[in-house]
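Worksheet: one structure, shown below.
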Amino acid sequence: MNALSNRFSLEGKIAVVTGASRGLGVTICETLSAAGADIVAVARDEALLEETRTRVTANGRECLALAADLLDAEAAEAVTARIKSTLGDATILVNNAGMSIPRSLTEQSVEEWDSILNLNLRAPWLMARALAPGMIAAKAGKIINISSMASGVALVDHGPYVASKAGLNGLTKVMTAEWAQHNIQANAVCPTVVWTPMGERVWGEGDKLQRFLEKIPAGRVATPQEVADLVLYLAAPASGMINGQEIFVDGGYTAL
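For what it's worth, UniProt numbering labels the leading residue of the sequence shown as 1, then goes sequentially.
Here is the structure:
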């Protein structure tokens, strides 16, 4: 392995990926395992993690599939205990699980608001809080929070989603302020629409997507692999001085 490969190698690392059963989560797991990491794939339904397991093991890495509902405040501690007893301390966390229920602010229910904020903002904090002691002990950690381009814009009919992602960016900076002294890097990845089953469900009807694409200089949405490649960089030794940043993967949308 040459010097360049070493800077992007995850050999000997354990990476936890939430929302790992479909779309972007599957691609992130596959990409990190191709770089040498063993994967802890977390999703609500373990049966849905079979494709993830297949892709990871095809890269010659171990995949621990864990069922957990991250809307449950106790789930993060339970997941962390299982990881520690099975594989040891994980030093890479990708908070990818998220949701959106498109509705106007006047139509959104309190229950929907709470679910979106709890999954998109509270769960990343709980997962990071649970895994941080192991990272601090190891004097090494990478926390990659999958945020959104929407964190910095007014996206109509997505009020709680926008609020949750803006909050996640702020939380990422606090993680950096508190944990950088322990060689832990925390960054937020802010993609535009990613063409996954969730992206298609939210944006695939009528001319909604076309109107959105007209605002993107690149003229298209992101692919899961484009986002996963940035996650790999942020998880690798090469990004050791990148900390507390919001990195946009939006085809130039926020440049205008």
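Glycine included, every Cβ here is placed at the ideal spot set by N, Cα and C.
Given the structure is predicted, the values throughout are model-derived calculations rather than measurements.
Secondary structure of Val94 (DSSP, three-state): strand. Contact annotation, Leu230 with Leu171: C-beta distance approximately 19 Å; criterion of less than 8 Å not satisfied. In this model, Pro133 and Trp195 are separated by some 35 Å (Cα to Cα).
Counting only runs of at least 4 residues, the segment 142 to 228 fully encloses the following alpha helix (DSSP H) elements, listed from N- to C-terminal order: 159 to 179, 197 to 203 and 208 to 213. Minimum Cα-Cα distance from Ile14 among the listed residues Gly36, Ile28 and Tyr253 corresponds to Gly36.
For Gly244 against Ile184, the beta-carbon gap comes to about 11 Å, at or over 8 Å, which does not count as contact. Residues Ser21, Ala41, Ala43 and Ala65 of the same chain have their beta carbon placed closer than 6 Å to that of Leu49, with the five preceding and five following residues left out of the count. By the Cβ rule, the segment 140 to 160 counts as touching the segment 91 to 98, because three or more pairs are nearer than 8 Å. Secondary structure of Asp69 (DSSP, three-state): coil.
With a beta-carbon spacing of about 12 Å, Pro224 and Gly19 fall beyond the 8 Å limit used to define contacts. Closest in alpha carbon position to Val153, among Thr106, Trp113 and Phe212, is Phe212. When secondary structure is reduced to three states using DSSP, Thr18 falls in the strand class. Segment contact: the segment 56 to 64 against the segment 25 to 33, three or more CB-CB distances shorter than 8 Å; contact assigned. The beta carbons of Ala90 and Val193 sit about 29 Å from each other, so the pair does not count as a contact at 8 Å.
Each of Pro124, Ala137 and Val156 was checked against the Cα of Asn169, and the nearest Cα belongs to Pro124.
Comparing C-alpha distances from Arg103 to each of Glu111, Ala81 and Asp157 shows the shortest one belongs to Asp157. In the three-state scheme derived from DSSP, where H, G and I count as helix and E and B as strand, Arg7 is classed as helix. The Cβ atoms of Met127 and Ser115 do not sit closer than 9 Å to each other. Judged by their CB atoms, Ala76 and Ala130 are nearer to each other than the 9 Å cut-off. For Asp38, the enclosing beta strand (DSSP E) covers residues Asp38 to Ala43.
For Glu51, the uninterrupted alpha helix (DSSP H) segment begins and ends at Glu50 to Ala58. As the crow flies, the alpha-carbon of Asp45 is around 15 Å from that of Ala78.
By the neighbour-count criterion, in which a residue is buried when 16 or more other Cβ atoms sit within 10 angstroms of its Cβ, Gly251 is buried.
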